[in-house]
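All the letters of the sequence shown, read from the start, carry residue numbers 1 to 144 under our numbering.
Note that the Cβ used here is the ideal one computed from N, Cα and C, for glycine as well.
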Amino acid sequence: MKRQTGIWIDSSKAIIVALDGDTEKITEIDSDVENSVHHNDEGNKGTFSGVHHGNSDKKFDDRKKQELDYFIKSVLSYVKKSDELIVFGPAQTKTKLEQKLMTDHLIEPGKLKAVETADKMTLNQIVEKVRRFYNPFEYKEPKP
Numbered sequence: 001m002k003r004q005t006g007i008w009i010d011s012s013k014a015i016i017v018a019l020d021g022d023t024e025k026i027t028e029i030d031s032d033v034e035n036s037v038h039h040n041d042e043g044n045k046g047t048f049s050g051v052h053h054g055n056s057d058k059k060f061d062d063r064k065k066q067e068l069d070y071f072i073k074s075v076l077s078y079v080k081k082s083d084e085l086i087v088f089g090p091a092q093t094k095t096k097l098e099q100k101l102m103t104d105h106l107i108e109p110g111k112l113k114a115v116e117t118a119d120k121m122t123l124n125q126i127v128e129k130v131r132r133f134y135n136p137f138e139y140k141e142p143k144p
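Following this line, the structure appears as structure tokens:
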């Protein structure tokens, strides 16, 4: 039996749905990725040292990139044994996950079935999307 996996991901969390025959396993991974720069003083525009102006935005961007890389690696640790994979979500994190899969050869060619854009979804909607993707004939569209 194939292990079919779906990942809904954005920068705040990932929900992994693994279908293995009749069994279903759902895993939620929260992210530690910062999504905004925090200044102690609202008017803080960085620091001045002579003619050099230092800004915390570069440090924030570097830290955010490292946190996102760590988050993606932790998500990928759950899908190593998958035979088929679909990735979907509302933001750019899904494409960063796809790039990591392809550039680091973390998945065999052909196992990544789709990368799709999807809005915020409830847990039930995510599970249903994964089930419909892998078993489209089990679901019938209601007649109008």
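Cβ-based burial, residue i [other Cβ within 10 Å; buried from 16]
i    : result
A91  : exposed
L123 : exposed
Q125 : exposed
Q99  : exposed
Q4   : buried
N44  : Reliability of the predicted coordinates at N44 is poor, the pLDDT of 48 falling under 50, and the value obtained from them is presented with this limitation in mind. It counts as exposed.
V130 : buried
Distance, residue j Cα to residue i Cα
i    : j    : result
E42  : D57  : Because E42 sits at a pLDDT of 46, beneath the cut-off of 50, its placement in the model cannot be relied upon, and the point is left open.
K59  : F137 : 50 Å
G110 : D61  : 33 Å
K96  : K113 : 16 Å
I86  : S11  : 17 Å
S77  : F88  : 17 Å
E28  : L68  : 16 Å
N135 : A18  : 13 Å
D119 : K64  : 22 Å
T23  : V127 : 12 Å
Closest by C-alpha distance to residue i, when choosing among the options
i    : options               : result
K2   : I107, D10 and D20     : D20
E84  : D10, I16, S12 and S11 : I16
K13  : N135, M121 and E128   : M121
D30  : T5, E98, K73 and N124 : K73
K25  : G6, E67 and V33       : G6
F71  : T93, K80 and K81      : T93
K81  : K129, T27 and I107    : I107
V33  : W8, Q66 and A18       : Q66
V115 : N135, E128 and L101   : L101
Helix, strand or coil at residue i [DSSP, three-state]
i   : result
T95 : helix
I72 : helix
K25 : strand
D57 : helix
D62 : helix
Start-to-end residues for the alpha helix (DSSP H) that takes in residue i
i    : result
V145 : The displayed coordinates of the chain run from 1 to 144. Any statement about residue 145 would go beyond what the structure contains.
V127 : L123 to Y134
Boundaries of the beta strand (DSSP E) in which residue i is found, first to last residue
i    : result
A114 : L112 to T117
F88  : E84 to G89
I7   : R3 to I9
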